[in-house]
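For the sequence shown, the numbering used here gives the first residue as 1447, with consecutive numbering after it. Everything on this sheet refers to the single structure shown next.
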Amino acid sequence: MERVYNFSAGPSVLPLPVLEEAQRELMNANGSGMSVMEMSHRSSLFKDIIAEAEELLRDLMDIPDNYKVLFLQGGASTQFAMVPLNLMSKNKKADYVNTGVWAKKAISEAKRYGTVNVVASSEDQTFNYIPDLDESTFSEDADYFHITINNTIYGTRYTRLPDTGHVPLVTDASSGILSEVYPVSKFGLIYAGAQKNIGPAGLTIAIIREDLIGNAMEFTPTMMDYKTHADNNSMYNTPPTFAIYMAMLVFRWLKKLGGVPEIEKYNIEKAKLLYDFLDNSDLFRGTAAPKDRSLMNVPFVLPTEELNKKFISEAQKAGLVNLAGHRSVGGMRASIYNAMPIEGVKALVSFMEKFELENK
Ligand SMILES: *Cc1c(COP(=O)(O)O)cnc(C)c1O
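Pasting the structure below:
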């Protein structure tokens, strides 16, 4: 079996031991004589799976007891609406930072439900940096403050969280969750689609402080009210059972590796290999501001569009796949999520060195 190094931004690479375990259990999970896909979500076997997934995530992220962990569907994009529907209910006002396409989508969705104050934006430079935040521009009476902690398309990340005082900090952590230590208690709500750093598409995780649950706008659909899912342990309706099982296996794998502090060190080492190469190259150029560089998504360009195309196509032939940048920015992007082994990054850097020599 020939596996490639898959640098896709999402859905993305999964740990090989996890895929192997899922394969072993595919026909007969835990002696049940059936696949997890075929099991009732009300069965005791599945209840054990979702309970273990939650317990492992609580352990990995050190989630305080006054936070609920919800297993949802609809992707981060559904959270763009659920967040305002549930949280924008007191003063109908929220602060947002515009750091890219995903932040913009979150902003335009929130505008349907109340007043949005965009406190800062990095649109002037194609979102290649995280803007400085001036606390005096924050709204005192905002119902929450929203950031996108890792910007998947531009390869930027917050290395310092804004001090929002009593205003709950909400983050879209789709591409950053579990890649480095997040101080959960500094947030009111963390949400993430699973398909970047957790498991297959179809599962969305929300980690929400309990006092933020139960205040949804009156017309909020039942399925979009956090309270519905919190009151029913994410079992109000059929949850994405197989995706939750896969996430549980990924959490086990991560715990065995030493948890988030260990993977953070590994991610820093992996990212450094690429950034050091880019900083010293005469041909390749990293596009994100060095102070705000992501550990997970590394965008870069060559001097011409023709060379970009050539690089992507030759890399593909060498088993380094999905290196094209997001369709809105072009160029290249290497997504090096938790499951990307350092060997993959080394193979990419060697390939780039060779490409540079041949194309100078
Ligand atoms: C991928 C991504 C999204 C979109 O997620 P869906 O699950 O497809 O809705 C939103 N925000 C960020 C930061 C992402 O990386």
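Every residue, glycine too, gets a C-beta built ideally from N, C-alpha and C. Predicted model, so just to flag it, every value in this text is computed and none were measured.
Neighbour-count burial assignment, residue 1788, 16 or more Cβ in a 10 Å radius: Classification for residue 1788: exposed.
Residue span of the beta strand (DSSP E) that contains residue 1543, given as start and end: Segment 1539-1544, the beta strand (DSSP E) holding residue 1543.
Residues sharing a beta bridge with residue 1731, DSSP: BP columns for residue 1731 point to 1747.
N- and C-terminal bounds of the alpha helix (DSSP H) containing residue 1453: Careful: residue 1453 lies outside any alpha helix (DSSP H) and carries neither H nor E.
Alpha carbon of residue 1583 to alpha carbon of residue 1794, nearest angstrom: Roughly 43 angstroms between the two C-alpha positions.
Where residue 1414 falls, given that 16 or more other Cβ within 10 Å makes a residue buried: Past the boundaries of the shown model lies residue 1414; the chain is included only from 1447 to 1806, so the question cannot be answered.
C-beta atoms of residue 1536 and residue 1559 nearer than 9 angstroms: No.
Neighbourhood of ligand 3 [Cβ distance below 6 angstroms to any heavy atom], ordered by chain position: Here the bound small molecules are ligand 1; ligand 3 is not part of this structure.
Extent of the continuous beta strand (DSSP E) run through residue 1780: Its beta strand (DSSP E) spans residues 1778-1781.
Boundaries of the alpha helix (DSSP H) in which residue 1801 is found, first to last residue: Unbroken alpha helix (DSSP H) run through residue 1801: 1788-1805.
Terminal residues of the alpha helix (DSSP H) in which residue 1705 lies: Where residue 1705 is concerned, the enclosing alpha helix (DSSP H) starts and stops at 1705-1726.
Residue 1563 versus residue 1629: straight-line alpha-carbon distance, rounded: Cα to Cα, residue 1563 sits roughly 25 angstroms from residue 1629.
Range covered by the alpha helix (DSSP H) that runs through residue 1406: Since the first residue shown for the chain is 1447 and the last is 1806, residue 1406 is missing from the structure and cannot be characterised.
Where residue 1677 falls, given that 16 or more other Cβ within 10 Å makes a residue buried: Classification for residue 1677: exposed.
With 16 other Cβ atoms within 10 Å as the buried cut-off, status of residue 1603: Answer is buried; the Cβ neighbour count reaches 16.
Runs of beta strand (DSSP E) wholly within the segment 1470-1521 (minimum 3 residues, chain order): Here the runs fully enclosed are 1513-1518.
Beta-carbon separation (whole angstroms), residue 1589 vs residue 1533, contact threshold 8 angstroms: Residue 1589 to residue 1533, Cβ: 5 angstroms. Contact.
Residue 1567: first and last residue of the uninterrupted beta strand (DSSP E) it sits in: Residue 1567 -> beta strand (DSSP E) spans 1561-1567.
Span separating the alpha-carbon of residue 1767 from that of residue 1657: Rounded to the nearest whole angstrom, the C-alpha separation of residue 1767 and residue 1657 is 44 angstroms.
Beta carbon of residue 1481 nearer than 9 angstroms to that of residue 1599: For residue 1481 and residue 1599, no; Cβs fall outside 9 angstroms.
N- and C-terminal bounds of the alpha helix (DSSP H) containing residue 1687: Per DSSP, residue 1687 is one residue of the alpha helix (DSSP H) stretching across 1687-1702.
Three or more C-beta pairs below 8 angstroms linking the segment 1642-1656 and the segment 1454-1474: Flag = yes, the segment 1642-1656 and the segment 1454-1474 touch.
Delimiting residues of the beta strand (DSSP E) encompassing residue 1618: Annotation for residue 1618: the continuous beta strand (DSSP E) segment containing it runs 1615-1618.
Own chain partners of residue 1555 with C-beta closer than 6 angstroms, once the 5 adjacent residues on each side are dropped: Closer than 6 angstroms at the Cβ level, and outside the excluded window around residue 1555, lie 1526 and 1527.
C-beta atoms of residue 1614 and residue 1581 nearer than 9 angstroms: The Cβ atoms of residue 1614 and residue 1581 lie no closer than 9 angstroms to each other.
Euclidean distance between Cα positions of residue 1549 and residue 1780: Rounded to whole angstroms, residue 1549 and residue 1780 show a C-alpha spacing of 21 angstroms.
Residue 1517 vs residue 1623 beta-carbon contact at 9 angstroms: Here residue 1517 is not near residue 1623, since their CB atoms are 9 angstroms or more apart.
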